[in-house]
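Enquirer:
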Amino acid sequence: MRTRVLCSQVLDATPQERSQGVYQCGPASVNAIREGDVDLNFDMPFIFAEVNADRITWIYNASNGSQKQNGVDTRSIGQFISTKAVGSYSRMDVTEKYKYPEGSGEERQVQQRAMKKLKPSASIRPTSAESEEGEGSSPSISGRFKVNGVLEVGQEVSLVLLLKNQSQDRKTVAVHMTAWTIVYNGTLVHEVWKDSAIISLESEEEVQHPVKISYGQYEKYLKADNMIRTTAICKLADEDEVVVERDLVLDNPTLILEVLDQAQVQKPLNVQMIFSNPLNEPVKDCVLMVEGSGLLRGNLKIDVPALRPKEQSKVRFEILPTRSGTKQLLADFSCNKFPAIKAMLSIDVAE
């Protein structure tokens, strides 16, 4: 093993994909990931792709099965790589340990080195901000999705599609929009909304097109990740399509934990859970799971009565601290409408 790989290692004890038939990931050298040495063990190509892949957008024609490349994004993957800070619950940014500065010459060279090792016989064409801009003319319009209001499970998703004409000429844009529920890795689950519009843009004009997705449209297809992807394909005459995309993460309702007494070793301690049903319909099959090292032995399971629309539930339970110091109580509330609402409470336990 080369000296440069004797360093911090990436390990994932609970990966969500198999490696060599087993749910495992790593160990993989952080230095090797930074240098693009994807030929080393273990799971290096997978981990490198997590932090420094290029994202390529393709447009697929369902009528004839054809597809064409629309664009390359070299910057969006591997932003804000984080770990927990030592001695606190704050976030520590470790992006620079996994990759060179985004868009720098070193970062692009590493990406090309990795590609050559994965596909040694292929002809790899460099991708960079400069090379991409040089291919053809820049689009005459730009777009983005903007969120209006809050993003919460049970509420309407309200957005606007902002389209801006970047030219001096009048433009007519045919816009085809869709929204799909997705899971954490971008896999599409189900289409929940679609719309089309013809939008006229005067010279350098920006317009807003409203997007409304009701709870009834997405509730049956939303997965535990609470994610929805909105996409707009904008077509202009004699120009390549402009693809506008945004992934939305909807917040679960808040689960509140409260300590009702002073925590002390070997003294029963009362804790209260508060949950409010935000929906205009009942929730049932409610279960609260509680655990905490040094606070109770094993897991505590509590069946919570069904809640009427907008009803608040307060559940008290008892734990018995066995060790002093700062301990963490973890709670997981589930029901037929919310599969996993989590909360954590730090408790200072006296001798």
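Positions 75 to 425 (our numbering) are the ones given, in order, by the sequence shown. Think of the CB as a built atom: it goes at the ideal place given N, C-alpha and C, for glycine as much as any other residue.
Please name the residue or residues paired with ARG390 in a DSSP beta bridge.
Expert: Along the sequence shown, one-based indexing puts residue 390 at 316. Its beta-bridge partners are GLN346.
Enquirer: So, for TYR174: in the same chain, excluding its five sequence neighbours on each side, which residues have a beta-carbon less than 8 Å away from its beta-carbon?
Expert: Working through the sequence shown from its first residue, we reach residue 174 at position 100. Within the same chain, TYR174 has close Cβ partners ARG108, GLU180, GLU181 and VAL184.
Enquirer: In this structure, how does DSSP classify LEU324 when only helix, strand and coil are distinguished?
Expert: Looking up residue 324 in the sequence shown gives position 250. Three-state result, LEU324: coil.
Enquirer: So, ILE151 versus ARG165, is the Cβ gap smaller than 7 Å?
Expert: Walking along the sequence shown from the start, residue 151 turns up at place 77. Walking along the sequence shown from the start, residue 165 turns up at place 91. Not in contact: ILE151 and ARG165 (Cβ atoms no closer than 7 Å).
Enquirer: Quick one: grab the DSSP three-state call for VAL383.
Expert: Within the sequence shown, numbered from 1, the residue matching residue 383 stands at position 309. Checking the displayed sequence, the identity of residue 383 turns out to be Pro instead of Val. Here PRO383 sits in coil by DSSP.
Enquirer: Apart from the five residues on each side of it in sequence, which residues of its chain come closer than 6 Å, Cβ to Cβ, to GLU207?
Expert: For the purposes of this step, residue 207 is taken as residue 133 along the sequence shown, with counting starting at 1. Here the model assigns GLU207 a pLDDT of 42, short of 50, so the residue's position is not dependable and the matter cannot be decided.
Enquirer: Can you grab the Cα-Cα spacing for the pair LEU369 / GLU425, in whole Å?
Expert: Sequence index remark: in the sequence shown, residue 369 carries index 295 (1-based). Sequence index remark: in the sequence shown, residue 425 carries index 351 (1-based). So the two alpha carbons sit approximately 13 Å from each other.
Enquirer: Under a Cβ-count criterion, where at least 16 other Cβ atoms within 10 Å of its own Cβ denotes burial, should PRO395 be classed as buried or exposed?
Expert: Locating residue 395 in the sequence shown gives position 321, counting from the first residue. PRO395 comes out buried.
Enquirer: GLN153 to GLN338, Cα distance in whole Å?
Expert: As a first step, residue 153 is located in the sequence shown; it is residue number 79 there, counting from the start. As a first step, residue 338 is located in the sequence shown; it is residue number 264 there, counting from the start. Distance between the alpha carbons of GLN153 and GLN338: 43 Å.
Enquirer: Please identify the residue among LEU374, GLU315 and ASN300 whose C-alpha is closest to the C-alpha of SER212.
Expert: Walking along the sequence shown from the start, residue 212 turns up at place 138. Measuring from the Cα of SER212, the nearest candidate turns out to be GLU315.
Enquirer: Look at the Cβ atom of GLN242, then the Cβ atom of SER277, and state whether they are nearer than 7 Å.
Expert: Here residue 242 is taken as the residue at index 168 of the sequence shown, counted from 1. Here residue 277 is taken as the residue at index 203 of the sequence shown, counted from 1. Taking 7 Å as the Cβ cut-off, GLN242 and SER277 qualify as a contacting pair.
Enquirer: Could you spell out the range, first to last residue, of the alpha helix (DSSP H) harbouring GLU180?
Expert: Here residue 180 refers to the residue found at position 106 when the sequence shown is read from its first residue. Counting along the chain, the alpha helix (DSSP H) containing GLU180 begins and ends at 179-192.
Enquirer: What's the gap between the Cα of SER156 and the Cα of MET118?
Expert: On the sequence shown, residue 156 is found 82 positions in, with the first residue counted as 1. On the sequence shown, residue 118 is found 44 positions in, with the first residue counted as 1. Spanning the two alpha carbons is a distance of roughly 19 Å.
Enquirer: Is the segment 382-395 close to the segment 331-348, with three or more CB pairs under 8 Å?
Expert: Judged by Cβ distances under 8 Å, the segment 382-395 makes contact with the segment 331-348, as three or more pairs qualify.
Enquirer: Closer than 7 Å by C-beta to SER232: which residues in its own chain qualify, once you throw out the five before and the five after it? Chain order, please.
Expert: Looking up residue 232 in the sequence shown gives position 158. Within the same chain, SER232 has close Cβ partners ASN222, GLY223 and LYS286.
Enquirer: Report yes if the C-beta distance between VAL423 and LYS401 is below 7 Å; otherwise report no.
Expert: Numbered from its first residue, the sequence shown carries residue 423 at position 349. Numbered from its first residue, the sequence shown carries residue 401 at position 327. In this structure, LYS401 lies closer than 7 Å to VAL423 by Cβ.
Enquirer: What does ASP377 pair with, by DSSP beta-bridge criteria?
Expert: Within the sequence shown, the letter at position 303 stands for residue 377. Its beta-bridge partners are VAL361.
Enquirer: Using CA coordinates, which residue listed in LEU310, GLU332 and THR305 is at the minimum distance from ASP321?
Expert: Counting from one through the sequence shown, the residue named residue 321 turns up at place 247. With distances taken between Cα atoms, ASP321 lies closest to THR305.
Enquirer: Measure the alpha-carbon distance for PHE219 versus ASN135 and round it to whole angstroms.
Expert: In the sequence shown, residue 219 corresponds to position 145, counting from 1. In the sequence shown, residue 135 corresponds to position 61, counting from 1. Cα to Cα, the separation comes out at about 23 Å.
Enquirer: For GLY228, does the three-state DSSP call read helix, strand or coil?
Expert: Counting from one through the sequence shown, the residue named residue 228 turns up at place 154. In this structure, GLY228 counts as coil in the three-state DSSP scheme.
Enquirer: Taking buried to mean at least 16 other C-beta atoms within 10 Å of its own C-beta, is SER205 buried or exposed?
Expert: Position 131 of the sequence shown holds residue 205. Confidence at SER205 is low in this model, with a pLDDT of 44, below 50, so the placement of that residue should be treated as unreliable; the coordinate-derived value is given next. Burial call: exposed.
Enquirer: Distance check for SER93 and MET75, CA to CA, integer angstroms please.
Expert: The residue labelled residue 75 in the question sits at position 1 within the sequence shown. The residue labelled residue 93 in the question sits at position 19 within the sequence shown. For MET75, the predicted model reports a pLDDT of 40, less than 50, meaning its position is unreliable; a value from the coordinates is still stated below. If you take the alpha carbons of MET75 and SER93, they lie about 22 Å apart.
Enquirer: Going by beta carbon distance, what residues of the same chain come within less than 7 Å of LYS358, once the five residues before and after it are set aside?
Expert: Here the question's residue 358 lines up with position 284 in the sequence shown. Result list for LYS358: ALA380, CYS409 and ASN410, in chain order.
Enquirer: Starting from GLU265, trace the beta strand (DSSP E) both ways and give me its first and last residue.
Expert: Numbered from its first residue, the sequence shown carries residue 265 at position 191. Residues 262-275.
Enquirer: What residues in its chain sit with their C-beta under 8 Å from that of PHE280, if we drop five residues either side in the sequence?
Expert: As a first step, residue 280 must be located in the sequence shown, where it is residue number 206. Note that residue 280 is Glu in the sequence shown, not Phe. Taken in chain order, the residues that qualify are LEU236, LEU237, LYS238 and ASN239.
Enquirer: Taking the alpha-carbon of MET189 as reference, which of GLU226, PHE120 and THR131 has the nearest alpha-carbon?
Expert: Counting from one through the sequence shown, the residue named residue 189 turns up at place 115. Closest by alpha carbon: PHE120.
Enquirer: What is the DSSP secondary structure of GLU109, counted as helix, strand or coil?
Expert: Sequence index remark: in the sequence shown, residue 109 carries index 35 (1-based). Correct three-state label for GLU109: helix.
Enquirer: Whose CA, out of GLU313, LEU329, TYR163 and SER137, lies closest to the CA of LYS245?
Expert: On the sequence shown, position 171 is the one that residue 245 refers to. Answer by Cα proximity: GLU313.
Enquirer: CB-CB under 7 Å to LEU334, same chain, minus the five flanking residues each way: which ones, in chain order?
Expert: In the sequence shown, residue 334 corresponds to position 260, counting from 1. Around LEU334: ASN344, VAL345 and GLN346.
Enquirer: Use the C-beta contact count for ALA253: other C-beta atoms within 10 angstroms, 16 or more gives buried, fewer gives exposed.
Expert: For the purposes of this step, residue 253 is taken as the residue at position 179 of the sequence shown. That one is buried.
Enquirer: With a threshold of 6 Å on Cβ separation, who are the neighbours of THR131 within its own chain once the five nearest residues in sequence on each side are excluded?
Expert: Here the question's residue 131 lines up with position 57 in the sequence shown. Only ASN144, GLY145 and VAL317 meet the Cβ criterion.
Enquirer: Taking a contact to mean a Cβ-Cβ separation below 7 Å, would you say ASN351 touches GLU319 in this structure?
Expert: Within the sequence shown, numbered from 1, the residue matching residue 351 stands at position 277. Within the sequence shown, numbered from 1, the residue matching residue 319 stands at position 245. Cβ atoms of ASN351 and GLU319: not closer than 7 Å.
Enquirer: Output yes or no for whether 7 Å exceeds the beta carbon distance between VAL266 and THR255.
Expert: Working through the sequence shown from its first residue, we reach residue 266 at position 192. Working through the sequence shown from its first residue, we reach residue 255 at position 181. It is a contact, given that the beta carbons lie within the stated cut-off.
Enquirer: How would you call GLY228, buried or exposed, if buried means at least 16 neighbouring beta carbons within 10 angstroms?
Expert: Position 154 of the sequence shown, counted from the start, is the residue given in the question as residue 228. Classification for GLY228: buried.
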